[in-house]
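*Asks:* My structure is below; once you've seen it, I'll send some questions.
There are 2 protein chains.
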Amino acid sequence: MDEGQITTTAPARPLRRDAERNRQLILATARALFAERGLAASLEDVARSAGVGVGTLYRHFPNREALIDALFADAIDTIVRIVDEALAMPRGWDGLQHFMVALLELQARDKGLRDVLLAQRANDPADDILRERIKPPLETLVQRAKEQGDLRADMVAADVSVLEVAAVGAAEFVAAAGPEAWRRYMTIVFDGMRARPEGGNSRLEQPPIDDDRLEVCFEGWKYGSRQIPRQHH
Amino acid sequence: MDEGQITTTAPARPLRRDAERNRQLILATARALFAERGLAASLEDVARSAGVGVGTLYRHFPNREALIDALFADAIDTIVRIVDEALAMPRGWDGLQHFMVALLELQARDKGLRDVLLAQRANDPADDILRERIKPPLETLVQRAKEQGDLRADMVAADVSVLEVAAVGAAEFVAAAGPEAWRRYMTIVFDGMRARPEGGNSRLEQPPIDDDRLEVCFEGWKYGSRQIPRQHH
DNA sequence: AGGAAGCGGAATGTTGTCCTCCATATGGAG
DNA sequence: CTCCATATGGAGGACAACATTCCGCTTCCT
Chain A
81 MDEGQITTTA PARPLRRDAE RNRQLILATA RALFAERGLA ASLEDVARSA
131 GVGVGTLYRH FPNREALIDA LFADAIDTIV RIVDEALAMP RGWDGLQHFM
181 VALLELQARD KGLRDVLLAQ RANDPADDIL RERIKPPLET LVQRAKEQGD
231 LRADMVAADV SVLEVAAVGA AEFVAAAGPE AWRRYMTIVF DGMRARPEGG
281 NSRLEQPPID DDRLEVCFEG WKYGSRQIPR QHH
Chain B
81 MDEGQITTTA PARPLRRDAE RNRQLILATA RALFAERGLA ASLEDVARSA
131 GVGVGTLYRH FPNREALIDA LFADAIDTIV RIVDEALAMP RGWDGLQHFM
181 VALLELQARD KGLRDVLLAQ RANDPADDIL RERIKPPLET LVQRAKEQGD
231 LRADMVAADV SVLEVAAVGA AEFVAAAGPE AWRRYMTIVF DGMRARPEGG
281 NSRLEQPPID DDRLEVCFEG WKYGSRQIPR QHH
């Protein structure tokens with residue numbers, strides 16, 4: 081379907097060879113830098129790190145938003161794939177675990193993606209789409225895992241989201257101790273999620289969060305109140 | 081040793097009545113604002129919110145640091161009290177739970193305290209002192225809880241710190257859904273920490289974090305990379 | 001009433017961003 | 001090999017947030 085492409089769509093006339101090289105260089109550098117520092121990394125840092133002037137960067141991407149879009153265009157597909165894999169597993173518990181771990185792997189490896197997923201960007205329609213695409217399958221997984229007696233009966237889908245966010249935070253915290261250190265804590269949380277026979281699960285005093293409230297949590301979150309700066313001019 | 085003080089202890093000569101009133105007003109307002117927004121709240125916000133000019137604020141507190149010190153001077157005492165209460169409990173597990181929950185209550189209620197505890201301030205000697213004051217008792221609690229068969233044998237004290245930090249993040253995330261919502265998730269985590277008979281605990285693939293690494297995690301953390309701004313001039 | 005103590009808030013200095021502009025350099029078509 | 005459309009680098013403009021200072025004016029207290 082597409083052949084002489086570069087990023088998203090084919091340009092009317094091909095770029096000059098050096099321009100194309102720089103474009104890819106910028107993309108690769110930005111990917112690495114955002115992965116390491118999150119979306120807060122400045123475009124000047126990206127340019128410097130790519131060994132290129134800011135002007136060049138702006139020649140290829142009209143603004144910060146465009147660069148980020150180019151980088152994370154396929155993020156949704158990745159998530160959807162994970163969800164599908166999870167749904168395909170016979171045991172709901174395994175699917176749930178796969179979903180949580182895979183999403184966490186992604187975000188532990190790439191802070192930029194973490195920021196994208198946690199709605200660091202003010203508007204972003206993709207975000208809502210994504211959450212709509214995730215919610216029903218997640219609900220299914222939770223339901224299935226409960227019926228099969230693996231997941232504690234008093235948990236709901238929203239709880240999974242909350243624990244996932246918490247785990248992302250934990251993963252970032254322990255990142256300095258090793259890129260895989262978070263798995264240890266994820267395992268502990270999974271043990272807490274597991275259904276136990278006969279009073280083995282403590283009673284959850286607080287009621288679950290309903291979907292509207294969860295939405296509010298996501299909106300109010302902004303990961304520690306840091307904001308991705310908006311455009312000027 | 082010094083007498084003509086300003087902040088913590090009684091001033092040599094009493095303040096004028098209006099000045100004293102303003103001072104208390106500023107302290108109360110700052111306490112509320114920092115509790116709500118964390119240490120990132122600007123002094124201009126504090127002043128405006130107190131219905132006072134910034135100049136007045138600076139007359140009472142020479143700089144941001146001084147105000148924060150005045151507000152959180154007794155924080156260490158509070159923590160130490162919690163630790164003592166925890167140690168006094170016969171079951172290590174109960175002590176551990178008390179310690180984690182009480183610390184979480186504090187930080188869920190007061191984001192400013194959270195920032196103080198999580199070393200948002202660059203230097204801060206109090207911070208190191210605090211961690212030194214916490215580590216040995218925590219170690220004791222963990223040891224005791226393991227011996228009494230309540231805490232899973234494969235956990236160590238550092239794990240507790242990590243989970244606590246994760247819980248603080250979770251608490252902030254769900255704060256919008258209610259100030260007590262975090263308790264639900266803390267319970268799930270506690271269930272994950274519990275020792276289970278005969279293979280009821282999953283194997284933790286990743287090794288525990290040693291104390292030096294944990295230190296590095298705290299240093300590198302800065303809660304989502306946001307920094308408390310340093311002084312100018 | 002008078003002066004010391006206190007007050008407000010405009011102004012200053014600084015840092016950190018995004019993005020624009022334009023003099024200069026370069027690939028590649030002819 | 002020449003020439004010019006295409007690209008490039010990076011200085012500089014425009015903002016925004018803050019911490020902190022300064023000083024003319026006000027308010028208490030004696």
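For the record, the sequence lines run as chains A and B.
Heads up: the first sequence begins at 81 in this note's numbering, then just goes up one per residue.
Heads up: the second sequence begins at 81 in this note's numbering, then just goes up one per residue.
Even glycine gets a Cβ: it sits at the ideal position worked out from N, Cα and C.
At the 8 Å Cβ level, is B:Ala-127 part of the contact set with chain A, yes or no?
*Replies:* Chain A contact via Cβ: absent.
*Asks:* List the whole-angstrom C-beta distance separating A:Val-254 from A:Ala-261, where the pair is believed to meet the contact cut-off of C-beta under 8 Å.
*Replies:* Sure, about 4 Å apart at Cβ, within 8 Å.
*Asks:* Please report the straight-line C-alpha distance between A:Pro-94 and A:Thr-109, rounded to a whole angstrom.
*Replies:* 22 Å
*Asks:* Flag this pair as yes or no: are the beta carbons of B:Leu-113 and B:Val-134 separated by less than 8 Å?
*Replies:* no
*Asks:* Taking only three categories from DSSP, how would you classify B:Arg-274?
*Replies:* Secondary structure of B:Arg-274 (DSSP, three-state): strand.
*Asks:* Quick check: the segment 140-147 of chain B against the segment 226-238 of chain B, are at least 3 beta-carbon pairs closer than 8 Å?
*Replies:* no
*Asks:* Could you tell me the boundaries of the alpha helix (DSSP H) in which B:Met-180 lies?
*Replies:* 172-189
*Asks:* Apply the 10 Å Cβ neighbour rule to A:Ile-268 and answer buried if 16 or more other Cβ atoms are within range, or exposed otherwise.
*Replies:* buried
*Asks:* A:Glu-285 touches chain B at which residues, Cβ-Cβ below 9 Å?
*Replies:* Glu-260, Arg-263, Arg-264, Thr-267
*Asks:* Compute the Euclidean distance between the alpha carbons of B:Ile-162 and A:Ile-148, then round it to the nearest angstrom.
*Replies:* 46 Å
*Asks:* Quick one: is B:Val-296 near chain A, going by C-beta distance under 8 Å?
*Replies:* yes
*Asks:* Kindly indicate which three-state DSSP category A:Leu-231 falls into: helix, strand or coil?
*Replies:* DSSP, read as helix, strand or coil, puts A:Leu-231 in strand.
*Asks:* Could you tell me which whole alpha helix (DSSP H) segments of length 4 or greater appear in the segment 119-162 of chain A?
*Replies:* 123-130, 134-140, 144-152
*Asks:* Taking C-beta pairs closer than 8 Å, name the residues in chain A that B:Val-245 reaches, listed in chain order.
*Replies:* Gly-249, Ala-250, Phe-253
*Asks:* Taking the CB atoms as reference points, tell me whether B:Arg-293 and A:Ala-257 lie closer together than 8 Å.
*Replies:* Yes.
*Asks:* Interface residues of chain B around A:Phe-270 at Cβ under 8 Å?
*Replies:* Gly-272, Ser-282
*Asks:* Does any residue of chain B have a CB that is nearer than 8 Å to the CB of A:Arg-293?
*Replies:* Chain B, which has a Cβ nearer than 8 Å to the Cβ of A:Arg-293, makes this yes.
*Asks:* Which chain B residues are close to A:Val-236, counting only those with a beta carbon under 9 Å from its beta carbon?
*Replies:* Per Cβ cutoff of 9 Å: no residues; A:Val-236 is ~10 Å from chain B at best.
*Asks:* With 16 other CB atoms within 10 Å as the buried threshold, where does B:Arg-187 fall?
*Replies:* The sequence as given places Gln at residue 187 of chain B; Arg does not occur at that position. Buried, since its Cβ has 16 or more Cβ neighbours within 10 Å.
*Asks:* In three-state terms, what does DSSP make of B:Arg-310?
*Replies:* With a pLDDT of only 46 at B:Arg-310, under the threshold of 50, the placement of this residue in the model should not be trusted; the figure read from the coordinates follows. In the structure shown, B:Arg-310 sits in coil (DSSP, three-state: anything other than H, G, I, E or B).
*Asks:* Check the Cβ-Cβ distances between B:Ser-305 and every residue of chain A, and say whether any is below 8 Å.
*Replies:* Bear in mind that the predicted position of B:Ser-305 carries a pLDDT of just 43, short of 50, making it unreliable; the figure below should be weighed with that in mind. Yes - at least one Cβ of chain A is within 8 Å of the one on B:Ser-305.
*Asks:* In terms of alpha-carbon separation, which member of B:Tyr-265, B:Ala-166, B:Asp-234 lies closest to B:Ile-214?
*Replies:* B:Ala-166
*Asks:* Less than 8 Å between CB atoms is the rule here; does B:Val-242 satisfy it with respect to chain A?
*Replies:* With 8 Å as the cut-off, B:Val-242 counts as an interface residue toward chain A.
*Asks:* Can you give me the Cβ contacts of A:Ser-129 inside the same chain, cut-off strictly under 7 Å, excluding the 5 residues immediately before and after it?
*Replies:* Excluding residues within five positions, the ones whose Cβ falls inside 7 Å are Thr-109, Leu-113.
*Asks:* Of the residues that make up the segment 162-185 of chain A, which ones have a beta carbon closer than 7 Å to any beta carbon in chain B?
*Replies:* Residues of the segment 162-185 of chain A with a C-beta less than 7 Å from any C-beta of chain B: none at all.
*Asks:* If you follow the alpha helix (DSSP H) that B:Ala-251 is in, where does it begin and where does it stop?
*Replies:* 237-254
*Asks:* Would you kindly work out how many angstroms separate the C-alpha atoms of A:Ala-238 and A:Gly-172, rounded to a whole number?
*Replies:* CA-to-CA, the gap between A:Ala-238 and A:Gly-172 works out to about 16 Å.
*Asks:* Where does the unbroken alpha helix (DSSP H) through B:Arg-96 begin, and where does it stop?
*Replies:* Counting along the chain, B:Arg-96 falls outside any alpha helix (DSSP H), and DSSP gives it neither H nor E.
*Asks:* When you compare each of A:Tyr-138, A:Val-160, A:Leu-221 to A:Leu-176 by their alpha carbons, which one comes out closest?
*Replies:* A:Leu-221
*Asks:* Inspect the beta-carbon positions of A:Asp-234 and B:Gly-272 and report whether they are closer than 8 Å.
*Replies:* Cβ distance not < 8 Å, so A:Asp-234 and B:Gly-272 don't count as in contact.
*Asks:* In whole angstroms, what separates the C-alpha of B:Asp-291 from that of B:Glu-244?
*Replies:* 15 Å
*Asks:* When Cβ atoms are compared, which residues of the segment 114-142 of chain B fall closer than 9 Å to chain A?
*Replies:* So the list reads Arg-117, Gly-118, Ala-120, given in the order they occur along the chain.
*Asks:* Using a Cβ-Cβ distance cut-off of 8 Å, determine whether A:Asp-190 contacts chain B.
*Replies:* no
*Asks:* So, at 7 Å on beta carbons, what are the nonlocal neighbours of B:Ala-155 in its own chain, with the 5 sequence-adjacent residues on each side left out?
*Replies:* Leu-193, Val-196
*Asks:* So, at 6 Å on beta carbons, what are the nonlocal neighbours of B:Asn-281 in its own chain, with the 5 sequence-adjacent residues on each side left out?
*Replies:* Arg-232
*Asks:* Is A:Gly-300 close to chain B, meaning its C-beta is less than 8 Å from at least one C-beta of that chain?
*Replies:* yes
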